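A.B. asks: The following block contains the structure, expressed as structure tokens.
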Amino acid sequence: MGLFDKKYCDICGEKIGFLGNRKLADGNMCKQCAEQMSPWLEGRKEYTVAEMQQHIAYRQANYEEVKHFQVTDVLGYDNYRLYINRYNNTWFISSYKNYTDSNPDILYFSQVTGCEMEIKETHRELYAHTPDNRTVPYNPREYDYDYDFYINIYLVDFVTNVVRIKLNTFRVEDAYDPKYKELENLLYNMKTVFDQMAQGYDGSNLVIPEQLVIDAVTRMDMERQARFYRDAQRDRMRAFEMMLANPGAPAPRPMTPPRPVNPPRPTSPQPPRPVTPQPTRPVNSPRPVTPNQNRPTGAGPNRPGPGAPRR
Ligand SMILES: [Zn+2]
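Counting along the sequence shown from 1, when you hit position 1 you're at 120 in my numbering, and nothing is skipped either side.
This is how it looks when you write it as structure tokens:
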């Protein structure tokens, strides 16, 4: 036994290259096989060789399905998009326009058990420079705000119990930015769709909410408002720095009031619209048998397989 003993992949049988070993519970896997795993797979080291073989086989079958996935509805416009096939009650999420090669996991509506959304505000304090180059806080304190938009989708019979997705590519700088409004709307819409799936809706009665379209005039208004708050902050900061440079001079009055720590949203968010159609089957009924039912799921150790009763 030595450090440089040659290892072979227990999945494909190929020799494992230097630093290429991905350990499994009872064996080894090469980097190329590991690349085929679902990006959502958790606890790879707890997978046995047999379980990983089943998972890789599922991923290869999934790839064939992705190639022929019939998109009936799409939701989203920034980073991630939700693709739906109403004909067989399946969906996937992908950040790629040409999604096929990324092999996104196709899931059934019935695998969704719930959904949560989160608009995460982060703020970083800004500091002023004194004439002798020290940094001091502004008075009143000034912050740089950023917003990220997350959705948590809770799942059963999958390689993880929750998929957490950030819907924005870039951080949104301002709650007055039209982008904020669009992403907030997308979050609500996605939640509405996943909530319906969790309640047992299928392709025949699933309602896809309409995407928010901000017209050019409103967009200009919102951008103007966002600019107003940015300019006001810049004015306050300049005034404070002038005061630092000339301590004797009378303090110039800020042109605009300081921005509140939690800025009010420009308009009230649209609550998810209540969905009226009734589910065609009770929530706890077994999954309908479809031609795809024998598709192996990505079930891993201690996770129910395709035949296991739903929780
Ligand atoms: Zn391999």
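Note that the Cβ used here is the ideal one computed from N, Cα and C, for glycine as well.
Every value quoted in this text rests on a predicted model; they were computed, and no experiment measured them.
Give every residue of the same chain whose Cβ lies closer than 7 Å to the Cβ of ASP314, excluding the five residues on either side of it in the sequence, and list them in chain order.
C.D. replies: Excluding positions up to five away in sequence, the list reads CYS234.
A.B. asks: Specify the secondary structure class of LEU306 as computed by DSSP and reduced to three states.
C.D. replies: Helix at LEU306.
A.B. asks: Go ahead and label ASP129 buried or exposed: buried means 16 or more other beta carbons lie within 10 angstroms of its beta carbon, across all protein chains shown.
C.D. replies: Buried is the call here.
A.B. asks: Given a threshold of 16 other Cβ atoms within 10 Å of its Cβ, counted over all protein chains shown, does THR206 qualify as buried or as exposed?
C.D. replies: Residue identity differs from the one stated: residue 206 is Tyr in this sequence, not Thr. Exposed: under 16 other Cβ atoms inside 10 Å.
A.B. asks: Any heavy atom of ligand 1 within a distance shorter than 7 Å of the CB on GLU184?
C.D. replies: No, the beta carbon of GLU184 sits no closer than 7 Å to any heavy atom of ligand 1.
A.B. asks: Would you kindly report the start and end of the unbroken beta strand (DSSP E) that includes ILE175?
C.D. replies: Not the beta strand (DSSP E): ILE175 falls in the alpha helix (DSSP H), residues 168-186.
A.B. asks: How far does the beta strand (DSSP E) with VAL193 in it extend, from its first residue to its last?
C.D. replies: Its beta strand (DSSP E) spans residues 192-194.
A.B. asks: If you run the structure through DSSP and keep just helix, strand and coil, what is THR311?
C.D. replies: Correct three-state label for THR311: helix.
A.B. asks: Check whether the Cβ of CYS234 sits closer than 7 Å to any heavy atom of ligand 1, and report yes or no.
C.D. replies: No, the beta carbon of CYS234 sits no closer than 7 Å to any heavy atom of ligand 1.
A.B. asks: For the stretch 208-221 and the stretch 241-258, state whether three or more C-beta atom pairs, one from each stretch, are separated by less than 8 Å.
C.D. replies: Contact between the stretch 208-221 and the stretch 241-258 is absent, because fewer than three Cβ pairs lie under 8 Å.
A.B. asks: Taking only heavy atoms of ligand 1 into account, decide whether any of them is closer than 7 Å to the Cβ of GLN172.
C.D. replies: Checking every heavy atom of ligand 1 against the Cβ of GLN172, none is found closer than 7 Å.
A.B. asks: Starting from the Cα of GLN318, find the closest Cα among PRO297, ASN222, GLN172, PHE228 and give me that residue.
C.D. replies: Ranking PRO297, ASN222, GLN172, PHE228 by Cα distance to GLN318 puts PHE228 first.
A.B. asks: Grab the span of the beta strand (DSSP E) containing ARG143 for me, first residue to last.
C.D. replies: The sequence given here places Leu at residue 143; Arg does not occur at that position. Where LEU143 is concerned, the enclosing beta strand (DSSP E) stretches over 141-143.
A.B. asks: Beta-carbon separation of TYR246 and PRO256 under 8 Å?
C.D. replies: The answer is yes: Cβ separation under 8 Å.
A.B. asks: Taking the alpha carbon of THR167 as the point to measure from, which residue in ASN181, PRO158, ARG141 has its own alpha carbon closest?
C.D. replies: Nearest C-alpha to THR167: ARG141.
A.B. asks: Which one of ALA364, ILE270, ILE225, VAL291 has the shortest CA to CA distance from GLU183?
C.D. replies: It is ILE225.
A.B. asks: I'd like the span of the beta strand (DSSP E) that includes GLU133, first residue to last.
C.D. replies: Counting along the chain, GLU133 falls outside any beta strand (DSSP E), and DSSP gives it neither H nor E.
A.B. asks: Alpha carbons only, please: which of PHE188, TYR299, LEU325, LYS310 is nearest the one belonging to ASP267?
C.D. replies: For ASP267, the nearest C-alpha among the options comes from TYR299.
A.B. asks: Quick one: give me the first and last residue of the alpha helix (DSSP H) that ASP152 is part of.
C.D. replies: Looking at the sequence itself, residue 152 is Cys, so the reference to Asp does not match. It spans 150-153 - the alpha helix (DSSP H) in which CYS152 sits, taken as one unbroken run.
A.B. asks: Taking C-alpha atoms, which residue in PHE347, ARG355, HIS242, ASP265 lies nearest to GLN293?
C.D. replies: The identity of residue 293 in the sequence shown is Asp, whereas the question assumes Gln. The shortest Cα separation from ASP293 among PHE347, ARG355, HIS242, ASP265 belongs to ASP265.
A.B. asks: Please state the DSSP three-state secondary structure of LYS239.
C.D. replies: DSSP places LYS239 in strand when its eight states are reduced to three.
A.B. asks: CA-CA distance, MET356 and ASP340?
C.D. replies: Roughly 24 Å separates the two Cα atoms.
A.B. asks: I'd like the ranges of any beta strand (DSSP E) spanning at least 3 consecutive residues and lying wholly in the stretch 216-262.
C.D. replies: Entirely contained in the stretch 216-262, the beta strand (DSSP E) runs reaching 3 residues are, in chain order, 231-248.
A.B. asks: Which of helix, strand or coil does DSSP assign to PHE211?
C.D. replies: Here PHE211 sits in strand by DSSP.
A.B. asks: Would you kindly report the start and end of the unbroken alpha helix (DSSP H) that includes TYR348?
C.D. replies: Note, TYR348: alpha helix (DSSP H), 335-364.
A.B. asks: Can you check DSSP and say which residues form a bridge with ASP293?
C.D. replies: Bridge partners of ASP293: none, in fact.
A.B. asks: Should LYS310 go down as buried or exposed, given a rule of 16 or more other Cβ atoms within 10 Å for buried?
C.D. replies: LYS310 should be labelled buried.
A.B. asks: Indicate the three-state DSSP secondary structure (helix, strand or coil) for ASP124 in the structure shown.
C.D. replies: Coil at ASP124, not helix or strand.
A.B. asks: If you measure from each CB to the nearest heavy atom of ligand 1 and keep those under 6 Å, what residues do you get, in chain order?
C.D. replies: Going by the Cβ distance cut-off, the answer is CYS128, ILE130, CYS131, GLU133, MET148, CYS149, GLN151, CYS152.
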